[in-house]
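So the structure is just underneath, and the comments pick up after that.
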Amino acid sequence: MQLSRIVNFHKVMGDKTRIQIVSMLKKGPLHGQAIAGKLGLKAPTISHHMAKLKEVDVVRQVRDKNTVYYHLNEKTLMALALAVTKIGENEMNQDFHATEDQKAAVIKNFFTDKHKLKTFPAQRKKKLIVLEYMLRGLKEGESYSEKEINEHIQQYFADYATIRREWIICHFMNRNEAVYQLNPREMWLT
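Taking the working numbering, the leading residue of the sequence shown gets 107, the next gets one more, and so forth.
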């Protein structure tokens, strides 16, 4: 799960009213007026909070004639709430920890003598080794523009968009308004 999605979820849920709404919806669907009445708030305020909850897919709405009912999406709620505890785990294969010899073999197989990536691996564990190898030269705590990241990646591989995206998906990096930073090593999926 992308780090930005986890952060956005926690920003949305960091509101007392939204937590109260989620709590009420755990008991079953409600319409906006019922929620407003129970919380002593006006309908536009409830609409604002519901829009935020729908934005992170915690709530979905179902129309029944002229009434909109809000339903809790418990599966998404649970996944996002637990996502923080999963950061740094390799969801695909939690038992895989490559030895230095295994990493060296993957690097030898996928990179030329001039450190150019021959092909991007399909197998998850090899992909993680390749992605980590391509981080060489980037420093934790430094901020990089998208252009700088693209240039760094192009030393290794022409398809910089794929590598950039994979770095974020695998928690190697985070992006905020086109500024990239390395995440702490503990967050990486290696």
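Where a beta carbon is used, it is the ideal one built from N, C-alpha and C, also for glycine.
All values derive from a computational prediction rather than experimental measurement.
Spatial neighbours of residue 126 in its own chain (CB-CB distance under 7 Å, excluding positions within 5 residues in sequence) are listed in chain order as 145. Residue 218 is not bridged by DSSP to any residue.
For residue 165, the enclosing beta strand (DSSP E) stretches over residues 165 to 170. Between residue 278 and residue 120, the alpha-carbon positions lie close to 26 Å from each other. In the three-state reduction of the DSSP assignment, residue 250 falls in the strand class. Here the stretch 261 to 268 lies against the stretch 223 to 238, with 3 or more beta-carbon pairs under 8 Å apart.
Under DSSP, residue 286 takes part in a beta bridge, and its partners are 250, 281. In the DSSP assignment, residue 191 falls within the unbroken alpha helix (DSSP H) covering 180 to 192. Taking C-beta atoms under 8 Å as the contact rule, residue 162 and residue 186 qualify, at a distance of about 7 Å. Per DSSP, the beta-bridge partners of residue 177 are 166. For residue 223, the secondary structure class from DSSP, reduced to helix, strand or coil, is strand. Relative to the Cα of residue 180, the nearest Cα in the group 282, 166, 280 belongs to 166. In the three-state reduction of the DSSP assignment, residue 137 falls in the strand class, which pools E and B.
In this chain, the alpha helix (DSSP H) harbouring residue 273 covers 266 to 275. Here residue 207 carries a helix assignment [DSSP, helix/strand/coil].
If you compare the alpha carbons of 236, 291, 129 with that of residue 270, the shortest gap goes to 236.
Closest in alpha carbon position to residue 160, among 289, 114, 260, 276, is 114. Residues 155 of the same chain have their beta carbon placed closer than 6 Å to that of residue 123, with the five preceding and five following residues left out of the count. Contact between residue 286 and residue 252 holds, with the beta-carbon distance rounding to 7 Å and staying under 8 Å. If you draw a straight line from the Cα of residue 112 to the Cα of residue 241, it comes to about 23 Å.
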